[in-house]
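Notes follow once the structure below has been shown.
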Amino acid sequence: MPTPSLQSLPHGYRALVIGAAGAIGSALLAHLQADPRCALAVGVGRHTTPSVDLDDEATIAHAAQHFKAQGPWRCIIHAAGMLHGPHGLPEKRLGQLNYAQMEATFRTNTFGPALVLAHFAPLLPKQERSLLAVLSAKVGSIGDNRLGGWYSYRASKAALNMLLKTASIEVARTHPLAVLAALHPGTVRSALSAPFNGAEIGRAPADAAGDLLRVLDGLSAEATGGFYTYNGDPLPW
1 MPTPSLQSLP HGYRALVIGA AGAIGSALLA HLQADPRCAL AVGVGRHTTP SVDLDDEATI
61 AHAAQHFKAQ GPWRCIIHAA GMLHGPHGLP EKRLGQLNYA QMEATFRTNT FGPALVLAHF
121 APLLPKQERS LLAVLSAKVG SIGDNRLGGW YSYRASKAAL NMLLKTASIE VARTHPLAVL
181 AALHPGTVRS ALSAPFNGAE IGRAPADAAG DLLRVLDGLS AEATGGFYTY NGDPLPW
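Residue numbers (our numbering): 1 to 237.
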């Protein structure tokens, strides 16, 4: 499969990937850096300079201010997230819910990305096409939930979808050509999916990242605020 190129953006566009240390984030960054139309693609995370720690709003604000001077940025993708952590695996039953795990999941999957939207959306050009995406998940779809379980993860992604949708309405007033989208990458071979047979059933991160970029490239300004799977199909909220 050929390396994706964001043909809908002007030659010389600049791109940011937040959460570039993860499997999908690093693959997105590699694709963008390989795009001859992209003049600069930068990965940001906890261990970069400047750093972005989703638990620390000051780092998010500082990074956005730092990159503002190098803008405008026509493609910004937030690729960080968590499925499980030190407080346990995703909860299968109500009896497994605990405050620490719910808080940690929401801080990484919802609160941090919301602050990324708040601080980084102003870096988009106001009167020209631009793309801002967050990695969501199909299990965050309320309408598609038929199996139950994974309480915190599902809820955190559903909340992220609402934040993205709401932000798209506000951003459209000042950036009418901007496209904000929540994207479902599918099951990808990564540390996040490994405990759930992701190593056996998942796709390569490079393939998933390429699909996501192609979906973004094909979205019109009227499609802003939507929730899309890696093949471009809209997902129910």
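No residue lacks a Cβ here, since even glycine has one placed at the ideal position from N, Cα and C. Because the structure is a prediction, the values reported are computed rather than measured.
Cβ neighbours of residue i in the same chain (closer than 6 Å, five flanking residues each side left out)
i: T59; result: S51, V52, D53
i: E57; result: L115
Cβ shell of residue i (< 8 Å), same chain only, five flanking positions each side left out
i: L94; result: Y151
Proximity of residue i and residue j at Cβ, strictly below 8 Å
i: L115; j: V134; result: no
i: G225; j: L180; result: yes
i: H84; j: I18; result: no
i: S156; j: T110; result: yes
i: G232; j: G218; result: yes
i: V44; j: A20; result: yes
i: R129; j: S8; result: yes
i: T3; j: A34; result: yes
Close-in-space but distant-in-sequence residues of the same chain around residue i (CB under 7 Å, 5 per side omitted)
i: L235; result: K138, S141, D144, H184, F227, Y228, T229
i: V171; result: A121, A178, L180
i: T174; result: K126
i: H119; result: I60, A61, A64
Residues that residue i bridges to, as DSSP identifies them
i: G226; result: A181
i: L160; result: BP columns for L160 are empty, so no partner.
i: A41; result: A15
i: I24; result: Answer is none; I24 lacks a bridge partner.
i: A133; result: I77, A181
i: R203; result: V188
Chain D within 8 Å of residue i, Cβ atoms only
i: E91; result: In the displayed structure, chain D is absent; only one protein chain is listed.
Inter-residue Cα distance where the pair is residue i and residue j
i: N161; j: A182; result: 6 Å
i: R154; j: G112; result: 16 Å
i: P10; j: A23; result: 27 Å
i: E91; j: L97; result: 6 Å
i: A82; j: W237; result: According to the sequence as given, residue 82 is Met; it is not Ala. So the alpha carbons of these two residues sit roughly 20 Å apart.
i: L6; j: G88; result: 39 Å
i: G12; j: P176; result: 21 Å
i: A39; j: Q70; result: 12 Å
i: T108; j: A159; result: 12 Å
Contact the segment 17-33 vs the segment 201-212: 3+ CB pairs below 8 Å
Yes, they touch.
Between the segment 94-107 and the segment 59-78, do at least 3 Cβ pairs fall closer than 8 Å?
Taking a cut-off of 8 Å for Cβ pairs, the segment 94-107 and the segment 59-78 do not touch, as fewer than three such pairs fall below it.
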